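As structure tokens, the structure follows; a few thoughts come after it.
In this note's numbering, the protein residues as written are 1135 to 1223.
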């Protein structure tokens, strides 16, 4: 889940600003984070990190963007994800 990677990065690298937005094109990921009864490890871990960041005065806004519609950052993320799938493990 991209959220988990992004919030871990914020936690590990500190913050210059107090507010950040994470843009994503996966509604299923958003709905997974909204399920407070989720038993999924990634969801629980991501929510715990978000709470820690909030406790440290950092606001993370989750923003949905439409996929495959020419948004440069989103297209770049999709390209990188596809390339990562083809890398030998």
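Glycine residues also receive a C-beta, built at the ideal position from the N, C-alpha and C atoms. Just so you know, these numbers come straight off a predicted model, no measurement behind them.
Beta-carbon proximity of residue i to residue j, cut-off 8 Å
i	j	result
residue 1164	residue 1196	yes
residue 1194	residue 1154	yes
Residue i burial status per 10 Å Cβ neighbour count (16 or more: buried)
i	result
residue 1177	buried
residue 1151	exposed
Alpha-carbon spacing of residue i relative to residue j, whole angstroms
i	j	result
residue 1198	residue 1222	31 Å
residue 1169	residue 1180	12 Å
residue 1185	residue 1145	11 Å
residue 1148	residue 1171	29 Å
residue 1174	residue 1138	12 Å
residue 1140	residue 1187	12 Å
residue 1203	residue 1159	10 Å
Identified DSSP bridge partners for residue i
i	result
residue 1155	1195
Cβ-heavy atom distance, residue i to the ligand SAM, below 7 Å
i	result
residue 1142	The ligand SAM is absent from the structure shown, which contains no ligand whatsoever.
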